[in-house]
Amino acid sequence: MSTPDADGDGALFVYGSLLDAAHRTALLGREVAAAPARLEGYERRRGRYFYIVERAGAETAGLVLSGLGERDFAVLDRYEEVPRLYTRTSIEVADGAGGPLRCWVYLPTPALPEPRD
C-alpha cells in the first residue's frame, strides 16, 4: 500500500459499517484496496451508528482504505453526514506491520445520536 501524504490524502481508516466490503463497493461503485490497521488511544462504541472516542490505553481495530479520490470522499462525506454527524480529520494509525500511517478518519460530532439505555 502506498503511503498517503502528511494530510492523509487518498487513505481512510474505517471502523464501522465501512468494514463490510460489499457495502463499500455498493456505496462507492467500485472496489477499493483495504488493509488491516489499528488506531491507538480510541475506543469503538455503537449507538445508532458506530463511533470512536478518545480513551487512554484503548485500541480500535479497522481497515485503511487506500486509493480514494475526491469523488470517493465526496460520496463518503455525504454517507457520514459531514459536518452534521461526523467530521473528517487527519490521524495517525498503525498499519498491519505496526508502522505509522497518516490517513483520514471520521470522528463524531455532538449531534451524533448517543446510545439509549
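Position one of the sequence shown corresponds to residue 1 (the numbering used here), numbered consecutively onward.
C-beta atoms are modelled at their ideal positions from N, C-alpha and C, and glycine is treated no differently.
Of all the options the options, which has the alpha carbon lying nearest to the alpha carbon of residue i?
i: Asp-9; options: Arg-102, Glu-81 and Asp-20; result: Arg-102
i: Arg-55; options: Leu-63, Arg-48, Gly-62 and Tyr-42; result: Tyr-42
i: Glu-59; options: Leu-39, Tyr-49, Val-53 and Gly-67; result: Leu-39
i: Thr-89; options: Gly-96, Asp-95 and Phe-73; result: Phe-73
i: Glu-31; options: Tyr-49, Leu-68 and Arg-48; result: Leu-68
i: Arg-44; options: Ala-97, Phe-13, Pro-100 and Arg-84; result: Phe-13
i: Ala-11; options: Arg-46, Glu-114 and Pro-100; result: Pro-100
i: Pro-36; options: Ala-26, Ser-66 and Arg-78; result: Ser-66
Buried or exposed for residue i, please, with buried defined as at least 16 other CB atoms from any protein chain shown within 10 angstroms of its CB.
i: Ala-22; result: exposed
i: Arg-24; result: buried
i: Pro-108; result: buried
i: Ala-61; result: exposed
i: Glu-80; result: buried
Rounded to a whole number of angstroms, what is the C-alpha to C-alpha distance between residue i and residue j?
i: Leu-76; j: Ala-34; result: 15 Å
i: Cys-92; j: Val-82; result: Reading off the sequence, residue 92 comes out as Glu, not Cys. In a straight line, the C-alpha of Glu-92 is about 20 Å away from that of Val-82.
i: Val-105; j: Glu-114; result: 19 Å
i: Ala-97; j: Leu-18; result: 22 Å
i: Gly-47; j: Tyr-86; result: 14 Å
i: Arg-78; j: Gly-57; result: 32 Å
i: Gly-29; j: Arg-71; result: 11 Å
i: Asp-117; j: Pro-110; result: In this predicted model, Asp-117 has a pLDDT of only 43, less than 50, meaning its place in the structure is not dependable; the value taken from the coordinates is given anyway. Spanning the two alpha carbons is a distance of roughly 18 Å.
i: Ala-26; j: Tyr-49; result: 19 Å
At a threshold of 6 Å, does residue i count as lining the ligand MN (C-beta to nearest heavy atom)?
i: Ser-90; result: Although the ligand MN was asked about, the structure shown includes no ligands whatsoever.
To the nearest whole angstrom, what separates the beta carbons of residue i and residue j, a pair I think is in contact under 8 Å?
i: Leu-112; j: Tyr-15; result: Between Tyr-15 and Leu-112 the Cβ distance is about 14 Å, and since that is not below 8 Å, they are no contact.
i: Asp-95; j: Val-64; result: 7 Å
Alpha helix (DSSP H) segments (min. 4 residues) lying fully within the region 42-94:
70-79
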